[in-house]
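Numbering (the working numbering), first residue to last: 1 to 126.
Worksheet for the structure shown next.
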């Protein structure tokens, strides 16, 4: 199991992409976006551990989270998939889960595939 991610590390990973998410700057290099996506997704998995929901943000990361029936093979019954910018906007509170789903920016399948109770990530909203 990886070491816990401190809140400071989470904020430091997201800070370089904030101007891009706000439409004030060009997209940062892929490695910068990838670090923000991976750190935020892993933070979520750390806060709500489990294996019942798989969060996918291709091509950067896929994590399992939320307690419930464990899934071990094939496509999980509860999958959330989105792009990097949408994920980071939801994680940072710039976009609500409901709006992202309504706008078709998130694909959520399965009765547990609702991340709204866990978004935005609290350390990013202070």
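The C-beta atom is built at its ideal place from N, Cα and C for all residues, glycine as well.
All figures in this text were calculated on a predicted structure; none of them were measured in a lab.
Residue 25 and residue 66 have their C-alpha atoms some 34 Å from each other. The residue from 61, 79, 92, 57 with its alpha-carbon nearest to that of residue 20 is 92. By the neighbour-count definition (other C-beta atoms within 10 Å, threshold 16), residue 122 is an exposed residue.
Exposure of residue 8 is indicated by the presence of fewer than 16 other C-beta atoms within 10 angstroms of its C-beta. Relative to the Cα of residue 33, the nearest Cα in the group 59, 105, 55, 53 belongs to 59. Beta-carbon to beta-carbon, residue 46 and residue 76 are separated by about 19 Å, too far to satisfy the 8 Å threshold.
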